[in-house]
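Visitor:
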Amino acid sequence: ERGEYAHYMLKEIHEQAQAVTDTLEGRIAGGRILTQIFGVDAAQLLAKTDAVHIIACGTSYHAGLVARYWIEQLAGVPCTAEIASEYRYRDPVVKEGTLFLTISQSGETADTLAALKLAKQRPYLAQMAICNVPESSIVRESSLVLMTRAGPEIGVASTKAFTTQLVALALFALELARSKGLDAERYADGVRQLEHLPALIGETLKLDGEIQALAAHFVDKQHALFLGRGTHWPVAMEGALKLKEISYIHAEAYAAGELKHGPLALVDENMPVIAVAPNDRLIDKLKSNLEEVRARGGELYAFVDETVAHGLDAAHVVILPAAGEIAAPVVSTLPLQLLSYHVAVLRGTDVDQPRNLAKSVTVE
Ligand code: F6R
């Protein structure tokens, strides 16, 4: 079933354009997201939504963190994203008008399911799930469901499930934002970015050979630091998680603005620093953070679009296609997945079945 691919993970990375196409199928018409995809009473529900609590674990939590930026930036609705294992034990306070939203590939993650059950005892507007398995426990327990259509994901390290979660969350953020009066042009632009995303993914995955060539630099490394700002901070977190789980190289992600508050002390020529950055309002700040890394002899790997690459002093620059605020986190995720994959292959680890991990975490 892997066909021409050496591992399921590589196959699943390359399935992402199709998985995103499938996840968008029947959900946009005439430049508009169809409100009823969130349920029959969705229009009233979105109108009443004054806050969103996103709960998930691992990679799905990282998708939630990206969505948090979108929901606050586009809809102006307060949003938190939190890991389920903390939420379920901390007596969360729920204000009226809050929507509860879980994100889960498997729909069976024990902590996420327990958090959902707890949330049903609280005065939430509704419990919505973004999930990849239709007959799963989380889908059954939720009042509203938006399915991702990534198809079966065999590799333990999540790839296409994550990018389709981002797409589902973008549909939700844009539609919530429209109901809160988002500027029509910005809405239309967001929808266009989603429609163009499969093509952009295809284009980005053509960088595979270039990224594979970089992997050799990481084989003997013990540590790596991932940096991003805004929506690209959680993208950096996801990049670090991928590298850890399949190559067993210790990796950490920092919001680039936090560098000088501690982690800069780690930076020397043995510490590869990976930066992901779109051309957004944070770019000049990120560039100055990267200067600090360079000044300490850190080996810098930048995954950026052409406009950002211009004048950037990095040892290795991979040019990504330019993308807007919705598409960029998806595009920037792809080279990090490929990098982890190729590093793991060179290190000879079991890419699809990393040690100590299970695909579906049904115990806490
Ligand atoms: C990492 C990974 C895990 C899962 C986490 C939640 O690559 O796959 O971190 O994201 O165990 O799983 P789901 O999404 O099934 O709830």
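Following UniProt numbering, the numbering of the sequence shown begins with 244 at its first residue and continues without gaps. Don't be surprised by glycine CBs; every beta carbon is placed ideally from N, CA and C. Being a predicted model, the structure only gives us computed values, none of them experimental.
1) Where does G319 sit, in a helix, a strand or coil, going by DSSP?
2) DSSP three-state label for D593, please.
3) Can you grab the Cα-Cα spacing for the pair A518 / A545, in whole Å?
4) Out of R429, A538 and E568, which one is the CA nearest neighbour of V478?
5) What is the DSSP secondary structure of Y491, counted as helix, strand or coil?
6) Would you say Q580 touches ligand 1, meaning its beta carbon is less than 7 Å from a heavy atom?
7) With C-beta atoms as the reference, is V295 less than 8 Å away from L253?
8) Between which two residues does the beta strand (DSSP E) containing Y332 stretch?
9) If you check the beta carbons only, do S328 and E351 fall under 8 Å apart?
10) Taking 7 Å as the cut-off, is the C-beta of V604 nearer than that to any heavy atom in ligand 1?
11) Who are C374's beta bridge partners in DSSP?
12) Is the closest heavy atom of ligand 1 to the C-beta of A482 under 7 Å?
13) Less than 8 Å between the CB atoms is what I'm expecting for V263 and P572, so what's the real figure, rounded?
14) Spatial neighbours of Y244 within its chain, please: C-beta separation below 6 Å, excluding the five flanking residues on both sides.
15) In this structure, how does DSSP classify E428 when only helix, strand and coil are distinguished?
Guide: Reading it off the structure:
1) Of the three classes helix, strand and coil, the one that applies to G319 here is coil, per DSSP.
2) coil
3) Taking the straight line from one Cα to the other gives about 5 Å.
4) It is E568.
5) Look at Y491 here: in three-state DSSP terms it is coil, with no helix or strand label.
6) no
7) For the pair V295 and L253, the CB atoms are not nearer than the 8 Å cut-off.
8) From DSSP, Y332 is part of no beta strand (DSSP E); its letter is neither H nor E.
9) no
10) Checking the Cβ of V604 against ligand 1 gives yes.
11) S347 and M390
12) Sequence inspection shows Gly at residue 482; the Ala mentioned does not correspond to that position. For ligand 1, not one heavy atom lies less than 7 Å from the Cβ of G482.
13) Contact flag wrong, Cβ pair sits at about 13 Å.
14) According to the sequence provided, residue 244 is Glu. The question's Tyr does not apply to it. Contacts found: none.
15) helix
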